[in-house]
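**Student:** Chains as they are written, first to last, in the working numbering: chain B, 1 to 625; chain Y, 1 to 387. Just so you know, even glycine gets a beta-carbon here, dropped at the ideal spot from N, CA and C.
1) Thinking residue 458 of chain B and residue 399 of chain B are a contact (beta carbons under 8 Å), I'd like their distance in whole angstroms, please.
2) Any beta-carbon of chain B closer than 9 Å to the one on residue 295 of chain Y?
3) Just to confirm before moving on: does the CB-CB distance between residue 374 of chain Y and residue 71 of chain Y stay below 9 Å?
4) Identify the contact partners of residue 214 of chain Y in chain B, using a Cβ-Cβ distance below 9 Å as the criterion.
5) Considering just the uninterrupted stretch of the beta strand (DSSP E) at residue 76 of chain B, what are its terminal residues?
6) Between the Cα of residue 193 of chain B and those of B:276, B:208 and B:34, spot the shortest distance and give me the residue it belongs to.
7) State yes or no: is the C-beta of residue 603 of chain B within less than 9 Å of the C-beta of residue 273 of chain B?
8) Residue 193 of chain Y to residue 40 of chain B, Cα distance in whole Å?
9) In the DSSP output, which residue or residues are listed as bridge partners for residue 304 of chain Y?
10) Does DSSP put residue 296 of chain B in a helix, in a strand, or in coil?
11) If I'm right that residue 166 of chain Y touches residue 98 of chain Y with Cβ under 8 Å, what's the distance once you round it to whole angstroms?
12) I need the straight-line Cα distance from residue 507 of chain B to residue 551 of chain B, nearest angstrom please.
13) In the DSSP assignment, find the unbroken beta strand (DSSP E) run with residue 156 of chain B in it and report its ends.
14) Does the region 203-212 of chain Y come into contact with the region 6-13 of chain B, if we say contact requires no fewer than three beta-carbon pairs (one atom in each stretch) closer than 8 Å?
15) So that I know if they touch, is there some Cβ in chain Y lying closer than 9 Å to that of residue 228 of chain B?
16) Tell me the rounded alpha-carbon separation between residue 91 of chain Y and residue 64 of chain Y.
17) Spell out whether any CB of chain B is found under 9 Å from the CB atom of residue 375 of chain Y.
18) Could you compute how far the alpha carbon of residue 152 of chain B sits from the alpha carbon of residue 174 of chain Y?
19) Using alpha carbons as the reference points, say which of B:269, B:423 and B:381 lies closest to residue 489 of chain B.
20) Using the Cβ count rule (16 or more neighbours within 10 Å means buried), how would you classify residue 591 of chain B?
21) With DSSP as the reference, label residue 126 of chain Y as helix, strand or coil.
22) Touching or not, the region 244-260 of chain Y and the region 275-287 of chain Y, by the rule of three or more beta carbon pairs under 8 Å?
23) In whole angstroms, what is the alpha-carbon distance linking residue 96 of chain Y and residue 21 of chain B?
24) Are the beta-carbon atoms of residue 45 of chain Y and residue 262 of chain Y separated by less than 9 Å?
25) Verify the CB distance criterion: does residue 14 of chain B have a CB-CB separation below 9 Å to chain Y?
26) If you reduce the DSSP assignment to three classes, tell me which class residue 451 of chain B lands in.
27) Over what stretch of residues does the beta strand (DSSP E) that includes residue 654 of chain B continue unbroken?
28) Looking at the strands, I want to know which residues DSSP matches up with residue 531 of chain B.
29) Count Cβ pairs between the region 430-450 of chain B and the region 290-303 of chain B that sit closer than 8 Å; are there 3 or more?
30) What ranges does the beta strand (DSSP E) occupy inside the region 260-346 of chain B, keeping only unbroken runs of at least 3 residues that lie completely in it?
31) Starting from residue 226 of chain B, trace the beta strand (DSSP E) in both directions and tell me its first and last residue.
32) Report the rounded CA-to-CA distance for residue 127 of chain B versus residue 99 of chain B, giving the unit in angstroms.
33) Name, going along the chain, the residues of the region 195-222 of chain B whose beta-carbon falls closer than 9 Å to a beta-carbon of chain Y.
34) I'd like to confirm the pairing. Which residues does DSSP put opposite residue 626 of chain B in its beta bridges?
35) Under 7 Å between beta-carbons, which chain Y residues line up against residue 22 of chain B? List them in chain order, please.
36) Counting only the same chain and skipping the five closest in sequence on each side, list residues whose C-beta sits under 6 Å from that of residue 109 of chain Y.
Here is the structure:
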């Protein structure tokens with residue numbers, strides 16, 4: 001057995017080699033363990049926590065919106081939802097059948113539920129129906145024993161108790177669309193609604209509040225094992241508006257079925273007290289989800305209920321613009337108040353004849369009577385003397401031709417045309433005749449009702465650049481600060497000129513023969529000074545003029561004049577300005593002025609009533625005169 | 001007859017041993033180490049079931065008890081019996097392998113086991129032991145001159161590659177590789193020349209591109225994912241990525257028994273079988289892992305000591321062969337869960353939940369024990385005691 005001894009020696013030798021190899025490999029395992037569990041331990045610890053902990057967002061309640069007297073305009077309602085958890089039902093269809101005997105479930109809902117059940121993990125609750133009534137909730141709860149896997153969940157949904165009242169100012173809420181995504185993580189919550197339109201949109205960030213978080217431990221398939229930490233969020237800021245819903249309601253009723261807009265504002269503070277645009281819409285329907293039919297109705301209605309005409313309707317201001325022409329000429333000293341212009345019913349310029357609204361003419365007119373009678377020829381003449389550039393500059397000073405800066409989205413700028421604009425937009429030079437046409441608020445000039453109310457406020461407050469607003473407080477991204485009484489910039493217009501304009505406006509409403517004399521306020525201390533406007537929307541041909549101009553009520557709605565009226569009150573010590581525009585309403589004096597009168601009476605009555613009740617109505621502006 | 005002085009002169013000739021002698025020779029320390037490792041396994045399976053004996057820990061304990069019984073029974077049987085019957089056992093294992101192959105072809109898809117009622121028998125597990133036995137027998141009587149002849153190496157090579165091919169076809173790449181590697185180690189220990197190994201290794205490295213073509217799609221994918229698991233963290237790379245997270249987050253001292261978040265929350269796949277080491281090391285940290293590696297190494301040391309101490313070449317080769325198989329099991333498994341080698345289905349020996357591997361490994365250790373008990377029994381070329 002010599003060889004066996006040899007083999008034994010070789011075996012031992014080779015065993016040493018292989019054993020050494022194995023020890024080396026085990027050493028490699030230990031080194032790898034050291035690398036993973038000591039050197040890289042922190043990295044993997046973080047990854048393990050990421051795996052384990054899932055952070056869920058808690059939606060804060062959206063801020064409420066109230067009017068200036070604290071009346072609720074937008075609130076949050078409990079939205080009772082019935083949900084189904086597929087894994088807790090013995091049979092989904094069986095459970096849904098049982099549920100359908102208690103609350104109605106549409107076939108479409110059923111198909112959607114089945115689809116979602118297939119798509120999601122079986123422990124995720126799936127919404128069966130939303131907005132259950134309290135009665136339905138009670139019925140489900142009572143039958144809970146027979147409804148395995150059915151749970152009731154309470155969410156919040158936005159509700160506008162006043163429905164269409166003030167809808168344009170409030171706006172509405174609805175689901176976030178792709179293009180509206182910001183950094184706010186709340187937007188990722190299913191069913192999260194953001195503000196669209198109105199103050200809901202412009203103060204959306206403040207109204208939303210800050211999200212809370214709930215850290216939960218989840219397993220590999222995402223099932224929640226337990227809650228680890230909960231951080232409550234901050235509820236949204238409550239917003240109080242300058243609007244008075246009672247007056248708003250009155251104004252909306254007074255406008256009735258017209259396609260119209262009214263703005264009433266405080267001439268000193270800029271508080272918008274009434275802003276109505278008719279017809280309106282019910283913002284609740286957006287939250288609920290519009291049916292195709294509802295949407296078609298809203299979007300194709302020629303009176304455009306979705307648009308807030310008070311800030312987005314651009315109308316030719318007509319004669320309400322004449323104050324700007326007069327002020328421009330007065331301030332430039334191109335005319336004196338006493339200077340008289342004879343009105344024969346038209347004015348000839350070159351080969352073109354420019355007509356006054358009164359065919360037979362007004363005779364000799366000075367500044368005050370020119371305004372009182374709204375004599376077109378008087379304003380043609382002073383515009384010709386002072387030139388269009390000065391008129392445009394004055395109009396811009398009073399807030400026309402650019403957004404006023406009211407805290408609402410989608411405000412339109414209107415238009416104060418000039419040579420540069422015309423060259424750019426129409427590639428044409430400025431014709432002298434256009435000076436005349438635009439000087440009486442026709443032609444290219446357009447303005448929004450809020451611009452006209454602001455313009456009137458600036459005339460009435462002695463030439464200060466008041467800016468309208470609808471939120472009582474100053475609201476930044478997430479903070480709220482009281483509005484301190486603002487010191488508005490001066491418009492640099494002489495008191496004398498403004499006094500003359502106001503004198504003219506007073507005579508419009510309070511002197512016999514004034515264009516709005518019939519719509520005057522007779523109650524002592526509430527007198528109103530105003531200016532009518534009727535803006536033509538069609539061209540009156542020579543032929544028609546010869547045959548007699550058609551009366552508005554003979555024309556189809558789309559061709560009728562826009563009726564306008566701007567005013568302030570009370571006359572002695574002005575506090576409020578108003579602008580009324582009735583689209584295709586006919587004449588300013590016949591249609592718009594009475595509306596303005598009625599609303600201004602209500603506004604002033606309400607104010608007086610509050611003083612009588614011992615309310616805290618005080619004079620906020622020392623510059624009042 | 002030159003031989004080192006025997007320890008017990010009274011038992012110089014151990015040709016015939018009584019049962020009493022054999023029982024006295026049982027290596028209890030070896031059994032203690034095996035039981036310690038299995039005990040760690042029970043505790044880990046208990047934790048994997050979130051603190052419950054069901055469904056894994058209890059069954060595993062029963063299997064281990066059964067396995068220890070089998071091991072001692074195997075150890076009591078004369079080593080010469082195993083040598084005499086080595087080829088029969090091999091043939092039996094081969095028939096079973098072919099049987100699953102046929103059954104798998106008739107049935108649907110890959111099938112690796114035969115259901116024999118109380119247990120699902122994996123022929124490939126039996127083949128691992130049977131191959132060691134039959135190769136050990138083949139080389140037992142071979143002289144250096146014979147081993148030096150290439151033609152002499154053809155029968156054992158066939159013995160290796162026929163079952164390896166069948167297993168590969170199942171397809172079970174891990175087991176096929178284990179068969180080839182353990183056989184390679186045995187060839188080496190039997191005295192096959194070093195340069196032949198160098199030649200074979202060079203040739204197989206050269207043939208990798210060719211072999212690649214024969215891999216199944218999912219096998220290719222596993223290799224690719226092993227090379228960069230982060231490419232597909234939620235797909236096929238998920239297992240290895242989550243395993244590394246679990247290991248790494250365990251840190252030096254672990255998250256505590258039954259507190260492993262990765263395993264408790266099911267991020268860790270297959271935590272009771274192939275990835276059980278990860279779960280153990282997540283809860284016990286690197287320290288726990290090193291203790292386990294230490295126990296395995298101790299077992300290896302036992303195996304080597306027994307192999308070297310053995311008087312017969314058959315005993316040496318069997319003891320070393322079984323030890324090597326055991327090493328391959330735990331090395332491939334732990335290296336896999338640590339991301340050192342591709343994911344292959346190799347369980348952690350004595351710890352992973354599963355019957356066949358446990359029983360076949362303890363059967364193997366029974367052979368090692370038998371080699372220990374019969375270490376001084378000389379065996380002739382044909383398996384009879386000579387002298």
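**Tutor:** So, from the listed chains and residues:
1) 6 Å
2) no
3) no
4) Here the premise fails: no neighbours, minimum Cβ distance about 27 Å.
5) 72-84
6) B:208
7) yes
8) 43 Å
9) Answer is none; residue 304 of chain Y lacks a bridge partner.
10) helix
11) 7 Å
12) 26 Å
13) 150-159
14) no
15) no
16) 27 Å
17) no
18) 53 Å
19) B:269
20) buried
21) helix
22) yes
23) 34 Å
24) no
25) yes
26) helix
27) No answer is possible for residue 654 of chain B: it lies beyond the span of chain B, which begins at 1 and ends at 625.
28) B:566
29) no
30) 260-266, 272-278 and 341-343
31) 224-231
32) 13 Å
33) 217, 218, 219, 220 and 221
34) Since the first and last residues shown for chain B are 1 and 625, residue 626 of chain B lies out of range.
35) 300 and 327
36) In this predicted model, residue 109 of chain Y has a pLDDT of only 49, less than 50, meaning its place in the structure is not dependable enough to derive any value.
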